[in-house]
Amino acid sequence: MSTTRKRLFIKTYGCQMNVYDSDRMKDVLTPLGYESAETPEGADLVILNTCHIREKAAEKVYSELGRLRPLKDEKAASGGMTIAVAGCVAQAEGAEIMKRAPVVDLVVGPQTYHKLPELIAQAHRAKGEALDTEFEVEDKFDRLGSDRQVEGYSAFVTVQEGCDKFCTFCVVPYTRGAEWSRPVDQIVAEIRALAAKGIREVTLLGQNVNAFHGAPPSGREAEGAWGLGQLVRHVALIGGIERIRFTTSHPRDMDEDLIQAFADTPKLMPYFHLPVQAGSDKILKSMNRQHTAEEYVAIIDRLRAARPDIAISGDMIVGFPGETDADFEATLDLVRRVNYASCFSFKYSKRPGTPGAAMFNQVDEGVKSARLAVLQELLSDQQAAFNESMIGRTLPVLFEKPGRMDGQLHGRSPYLQSVHVDGPAELIGQVGEVRIEAASRNSLSGSLTGSKRSAA
Ligand code: 5AD
Ligand code: SF4
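Sequential numbering from 0 applies to the sequence shown in numbering that gives the first Met the number 0.
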């Protein structure tokens, strides 16, 4: 294995899962002598880790590849540049990418990153044409091992991949494949290693994370697959881990045990992302969400009963095919009932190959924009009110780095709000209590009530 120093540039598009995957690709490539570069100029290896969720995703990748071509030509004289396309666009387009953009040397789907060193060698030998987009998740995690490089105090850990829900607007089931969960032992080994490197907060990731059903720890096989609630309680026992989060969940996979975990596990942060997408039962049915608006609100009520300080975030889509003014009103009603701390909202856009794209009753763009503006105003008011409700409260804050001003610290509240406070740098990496004195749309500020560590 050669260990000459080489420059690696990874451009990451899309979700947290891709951010995590990019980090893992770096981990696999570090032993080969690759060091991260900030820009693609002069890099030995450029990886575009693509996302398929936004409209025209593939087109954006092709135009980025166009921009890389002159850089690759320039580098030809000094060792050459290898260009790889990874992620969901790679999965969806496969060999087509190398046909349309000969500048690409290799294409690697989300399940085969552990094979990158092999694919790079193959690409060098064959001068291009290395492709691997098989679905073999199990293999990927086994081979990626648990030796991760970390920065800061918070890390993402993939516990589940893929989705079997087939919401009619979404490409994920096609690009990421069927639901699959990592074995508990493997997850725990990775988190222990992270904790030893100073990580204090983990976010358990999965496209449909609360469908988690991983093999139980060895010696406890008789218990059968573990659910997410059991996993969360187990992770809470790992020394050094002070905060646990997980994302993204589906209402249909909310079981009583997971709700109970919010009540009995203080390290599980009282902030929960549960997308609903729409408030009209007719639209929810057409989206194939497999639940009603009432069922969603009932879950939120149960969560609030279990953990009174819990705050809810969500995702909403406006302008799904067939959405009338009355359907949109139902979305606004649901938003008023739930009262979100934060919520992403999108205009529906067609994803090729999904049932929604073929529906005949598409909504006019102008109507979608108008509805989105109304929804976003309501959500923005809810978020501002939520932030203001923090004033006067004392919150545990995980301090992550120095603030912009001298003597200032920047940290995160349990609700992922940015918190600024005057305090000593020694607190970085610890949880301290902050009395909140002011709130803006995006951040909070206050003062330390004492430097003592708290449990959460
Ligand atoms: N159009 C608009 N929004 C979408 N999302 C997923 N697919 C689409 C689409 N076709 C949104 C959903 C999902 C979030 C990650 O992206 O709200 O929860
Ligand atoms: Fe996509 Fe989420 Fe629906 Fe799965 S549950 S199809 S990932 S929106």
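Just so it is clear, CB atoms sit at the ideal spot from N, CA and C, and this is done for glycine as well.
> For the candidate residues I427, L426, E425, F385, whose alpha-carbon lies nearest to that of L415?
Replying inline: Of the candidates I427, L426, E425, F385, the residue whose Cα lies closest to the Cα of L415 is F385.
> Between A194 and the rest of its own chain, which residues show a CB-CB distance below 8 Å, the 5 nearest in sequence each way excluded?
Replying inline: Hits under 8 Å: I237, G238, G239, I240.
> Mind pulling the beta strand (DSSP E) runs of 3 or more residues that sit fully within the segment 293–334?
Replying inline: 310–317
> Quick one: Cα of A224 to Cα of V183, how far?
Replying inline: 9 Å
> What are the residues that DSSP puts in a beta bridge with R411?
Replying inline: L397, S417
>> Helix, strand or coil, according to DSSP, for E436 in the structure here?
In response: strand
> Does the distance from the CB of H290 to the CB of R335 come in under 7 Å?
Replying inline: no
> According to DSSP, is R244 helix, strand or coil?
Replying inline: strand
>> With DSSP as the reference, identify every bridge partner of G406, one or two as the case may be.
In response: Assignment of beta-bridge partners to G406 by DSSP yields no partner.
> Per DSSP, what kind of secondary structure is G86 in: helix, strand or coil?
Replying inline: strand
>> If distances are taken between C-alpha atoms only, which option among K349, A437, G410 comes closest to C169?
In response: K349
> By the 10 Å Cβ neighbour count, where 16 or more other Cβ atoms means buried, how is D380 classified, buried or exposed?
Replying inline: exposed
> Thinking just about the alpha-carbon of each residue, which of H249, T323, C166 is nearest to the one in G205?
Replying inline: Out of H249, T323, C166, H249 has the C-alpha closest to the C-alpha of G205.
> How about A305 and I258: do their beta carbons lie closer than 7 Å?
Replying inline: yes
>> With a threshold of 7 Å on Cβ separation, who are the neighbours of L227 within its own chain once the five nearest residues in sequence on each side are excluded?
In response: V208, N209, F211, F245, L257
> Secondary structure at Y61, three-state DSSP: helix, strand or coil?
Replying inline: helix
>> So, under 8 Å CB-CB, P274 and D314 are touching, yes? Tell me the CB distance rounded to an integer number of Å.
In response: Confirmed, Cβ separation roughly 4 Å.
> Span of the beta strand (DSSP E) holding Y270?
Replying inline: Where Y270 is concerned, the enclosing beta strand (DSSP E) starts and stops at 270–272.
>> When you compare the CB of F385 with every CB in chain B, is at least one pair closer than 7 Å?
In response: The structure shown contains no chain B, having only a single protein chain.
> Closest to T323 by CA distance: which of T81, G278, E73, V84 is it?
Replying inline: G278
>> Need the endpoints of the alpha helix (DSSP H) that R6 sits in, please.
In response: From DSSP, R6 is part of no alpha helix (DSSP H) but of the beta strand (DSSP E) over 5–11.
>> Can you find the residues in the same chain that come closer than 7 Å, C-beta to C-beta, to L378, ignoring five residues on each side of it along the sequence?
In response: V334, Y339, C342, S344
>> Strictly closer than 5 Å from CB to any heavy atom of the ligand 5AD: give me those residues in the order they appear in the chain.
In response: F168, C169, P274, D314, I316, F345, Y347, S348, R350
> Should the segment 89–104 be called in touch with the segment 60–72, which here means at least 3 C-beta pairs below 8 Å?
Replying inline: yes
>> Among G402, E293, L331, R411, whose alpha-carbon lies nearest the alpha-carbon of E376?
In response: L331
>> Measuring alpha carbon to alpha carbon, tell me which residue in V156, D300, M80 is nearest I198.
In response: V156
> Closest by CA to F165, which one among R403, R288, M24, G449?
Replying inline: R288
>> I'd like to know whether the C-beta atoms of Q361 and P320 end up nearer to each other than 7 Å.
In response: yes
> Any idea which residues DSSP pairs Y33 with across the strands?
Replying inline: BP columns for Y33 point to K5.
>> Considering Cα atoms alone, identify which of D280, G352, A357 is closest to A325.
In response: D280
> So, helix, strand or coil for T174, using DSSP?
Replying inline: helix
> Taking A120 as the reference, which of L426, K346, L105, T111 has the closest Cα?
Replying inline: Nearest option by C-alpha distance: L105.
> Taking any heavy atom of the ligand SF4 as the mark, which residues have a C-beta closer than 6 Å to it, listed down the chain?
Replying inline: C162, K164, F165, C166, C169, V171, P172, Q206, N207, H249
>> So, for T353: in the same chain, excluding its five sequence neighbours on each side, which residues have a beta-carbon less than 7 Å away from its beta-carbon?
In response: Answer for T353: T167, F168, C169, V170, listed in chain order.
> What residue ranges within the segment 336–387 form continuous alpha helix (DSSP H) runs of no fewer than 4 residues, ordered along the chain?
Replying inline: Correct list: 364–387.
>> Taking the straight line between their C-alpha atoms, what separation do you get for C50 and Y173?
In response: 13 Å
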